[in-house]
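All remarks here apply to the structure that follows.
Number of protein chains: 2
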Amino acid sequence: MIAIDWGTSALRGALLDRQGGVLQERSAPLGILHVPPDGFEAVFNDLFGDWMRPPSQVALMAGMVGSQQGWQEAPYCPCPANAQDIAGALRWVQPGRIAIVPGLSCQHAGLADAPELAQVPDVMRGEETQILGALAATGLKDATLVLPGTHSKWARVRAQRIEAFTSYMTGEVYQLLRQHSLLARTLPPLDDATAADDEAFEWGVQRALQGGGLLHTAFSVRTLSLFRQVPAQRLPEYLSGLVIGEEVRQHAPDPATPVLLVGAPALTARYQRALALAGVQARPLEGSVTWAGLWQIARELDMNA
Amino acid sequence: MIAIDWGTSALRGALLDRQGGVLQERSAPLGILHVPPDGFEAVFNDLFGDWMRPPSQVALMAGMVGSQQGWQEAPYCPCPANAQDIAGALRWVQPGRIAIVPGLSCQHAGLADAPELAQVPDVMRGEETQILGALAATGLKDATLVLPGTHSKWARVRAQRIEAFTSYMTGEVYQLLRQHSLLARTLPPLDDATAADDEAFEWGVQRALQGGGLLHTAFSVRTLSLFRQVPAQRLPEYLSGLVIGEEVRQHAPDPATPVLLVGAPALTARYQRALALAGVQARPLEGSVTWAGLWQIARELDMNA
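Keeping their order, the protein sequence lines are chains U and Y. Residue 171 in the numbering used here sits at position 9 of the first sequence, with consecutive numbering throughout. Residue 188 in the numbering used here sits at position 26 of the second sequence, with consecutive numbering throughout.
Have a look at this one:
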């Protein structure tokens, strides 16, 4: 099979053998934002046409390729959902040959007295495939998974089924405060190479865990600089700790349930430290799990065939 | 006396009679960001020179004119502080004639095990004068005052003394989310005249008061639009409710202590609604109170003279 991760900014693909092992990988800077609406098939054929020659070859694609701005919109599959449910909700762009993995939706309890908000939806697109891959890679059936990023996801998995999840705009709010807020005047320029500063990061996490809320604690980036209590070079890491710490505080994970962290090592290491300060053990998963997730979905197709 | 409010974007002044009544007012779009570092005296003389002719005339200036980017830096006066303390900490740019009112600082408890953050400072500049004016206008000696804005301030006053205060970056975070975040793509263009929408605002406040945290709840602006549950035109007000509601939830004001709201009517009305949903009665104060605040400080000078 061919496993494809087609996101906003990049396109990656892998040719997998019959055991899910990677035979070959390719990538291009052709995220969906760089492809015209009618250009997806051509880009696909250019990059993966030769891999598709065997008539029984199947390609599964995860990520924003299934959004309204993608190749075709793959409607969200409602939670709870497991690999089988997701395989049954694939959006086939070429029947039997090329399919898009749907994102997931779930509902949070909203306002009892407002029908429009009785339920408030949440969504993910791409992370569902990483979760399936992480479960396969670890053999876990029950877990809390955290996928940090622009919009972090916390997912609750029971019996290999994604029951519900919660999004946090953590990465994006950090960037907004870092680059566009009045705090940016206090902080060193973005292109200054900032050394890693675990201590300053942990100060931020601890401040966040004390409560007070990010709307308040973020202001301390300015005042600590104003009174020269903390050098400006240390404040970006402190701010990062405040924002990630706020996410951890709000989610208030149960220390009794182990957390699996899925994502880039630099980011999962931060979350591991922040969770440890909140008394929660978390284990980062090394390496990409998207291919493993697509392989799980493909296995469900084989079983149904 | 002459009362002056010299902020970031505007310069306003008033000539007051011996009872604090306003005889005349003037203003110019000459906030401190529009004045070169050595240009403050010339701007002052241009706009207020004739008012200063009586040899005993005194001008008091509040606002960012006392910041590092202002005429002269007026170091923050530590809390607790009342009108007398502030009068004693004036920064005289022309001895006996022209003075800058210092901002206030206070300390929040920080991290016991990190000397750099054992105390975390908070600051205001300009709001201290409004608070003194609001106390004079209402006759209150004990109150919680809320001054909404880019960086909202909640101040605790006992026996006419500002004991402590807390800043929230509410107005700024709203603007960042409204204009620069991924949510902005979901929301109508900024120049679309949005009709007031109390219901959508209150939905946002109620969602915020349920908890979950702004990092999470803000994401619902996107999902409610994605699933067409709430029309895009209603979402800016919903987002405003989420952000202001988060501030109210975090501050968790005691319903037994009445709240006095000081600021622009459009903004204080929002806070009044948000506080009501949290079970807190709040009273907006009509009109500007900066002249009344400067008058209180000037009275302290007279008493000391």
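Glycine included, every Cβ here is placed at the ideal spot set by N, Cα and C.
query: Beta-carbon proximity list for Val335 of chain U, same chain, < 8 Å, skipping 5 on both sides; result: Leu376 and Val405
query: Sequence-distant residues of its chain with Cβ nearer than 7 Å to Gln231 of chain U (five each side left out); result: Ile194
query: Cβ-based burial, Ile312 of chain Y [other Cβ within 10 Å; buried from 16]; result: Checking the sequence, you will find Thr at residue 312 of chain Y rather than Ile. Classification for Thr312 of chain Y: exposed.
query: Tyr330 of chain U at chain Y interface by Cβ criterion, 8 Å; result: yes
query: Near-chain Y residues of the stretch 272-284 of chain U - C-beta to any C-beta below 8 Å; result: Gly272, Leu273, Ala276, Glu278, Leu279, Val282, Pro283 and Asp284
query: Pairwise C-alpha distance: Arg347 of chain Y and Pro398 of chain Y; result: 12 Å
query: Any C-beta of chain U under 8 Å from that of Glu334 of chain Y; result: yes
query: Where the alpha helix (DSSP H) containing Val383 of chain Y begins and where it ends; result: Phe381 to Leu388
query: Closer than 8 Å to chain Y by CB, Gly494 of chain U; result: The structure shown does not extend to residue 494 of chain U, since chain U is modelled only from 163 through 467, so no value can be given for it.
query: C-alpha gap between Ala305 of chain U and Pro417 of chain U, whole angstroms; result: 12 Å
query: Cβ contact check for the stretch 283-303 of chain U and the stretch 369-389 of chain Y: 3 or more pairs under 8 Å; result: yes
query: Unbroken alpha helix (DSSP H) run spanning Tyr336 of chain U, endpoints; result: Thr332 to Gln341
query: Residue span of the alpha helix (DSSP H) that contains Pro398 of chain Y, given as start and end; result: Leu397 to His413
query: Through-space distance from Gln443 of chain U to Gln246 of chain Y, alpha-carbon basis; result: 53 Å
query: Supposed close pair Ala431 of chain Y, Pro446 of chain Y - CB separation, criterion 8 Å; result: 7 Å
query: Cβ pair Ala483 of chain U, Glu408 of chain U closer than 8 Å; result: Shown here, chain U extends from 163 to 467; a query on residue 483 of chain U therefore has no answer.
query: Helix, strand or coil at Thr312 of chain U [DSSP, three-state]; result: coil
query: Ordered list of beta strand (DSSP E) runs contained in the stretch 188-276 of chain U, each at least 3 residues; result: 221-224, 253-256, 260-262 and 266-271
query: Rounded straight-line distance, which links the Cα of Ala362 of chain Y to that of Ala249 of chain U; result: 38 Å
query: Touch test, the stretch 214-228 of chain Y against the stretch 165-183 of chain Y, Cβ-Cβ under 8 Å, three pairs minimum; result: yes
query: Interface flag, His196 of chain Y vs chain U, CB-CB below 8 Å; result: no
query: Residue-chain proximity (Gln322 of chain Y, chain U), Cβ-Cβ < 8 Å; result: no
query: Closer than 9 Å at the beta carbon, the chain Y residues around Thr385 of chain U; result: Ser267, Val282, Pro283, Asp284, Val285 and Ser329
query: Span separating the alpha-carbon of Asp179 of chain U from that of Gly201 of chain U; result: 28 Å
query: Alpha-carbon to alpha-carbon, Ala358 of chain U and Met214 of chain U; result: 44 Å
query: Cβ-Cβ distance between Thr300 of chain U and Leu422 of chain U below 8 Å; result: yes
query: Given 8 Å, three or more beta-carbon pairs between the stretch 235-244 of chain Y and the stretch 263-273 of chain Y; result: yes
query: Pair within 8 Å by beta-carbon distance, Arg253 of chain U and Ala243 of chain U; result: no
query: Residues, ordered as in the chain, of the stretch 408-419 of chain U that lie near chain Y by beta-carbon distance below 7 Å; result: Glu408, Glu409 and Gln412
query: Other residues of its chain near Pro350 of chain U: CB distance less than 6 Å, five sequence neighbours each side excluded; result: Ala394 and Gln395
query: Residues sharing a beta bridge with Arg320 of chain U, DSSP; result: U:Arg323
query: Simplified DSSP assignment, three categories, for Val442 of chain U; result: coil
query: Cβ shell of Val197 of chain Y (< 7 Å), same chain only, five flanking positions each side left out; result: Val205
query: Coarse secondary structure for Gln181 of chain Y, derived from DSSP in three states; result: coil
query: Gly211 of chain U at chain Y interface by Cβ criterion, 8 Å; result: no
query: Reference Ala454 of chain Y; option with closest CA among Y:Met465, Y:Leu297 and Y:Phe381; result: Y:Leu297
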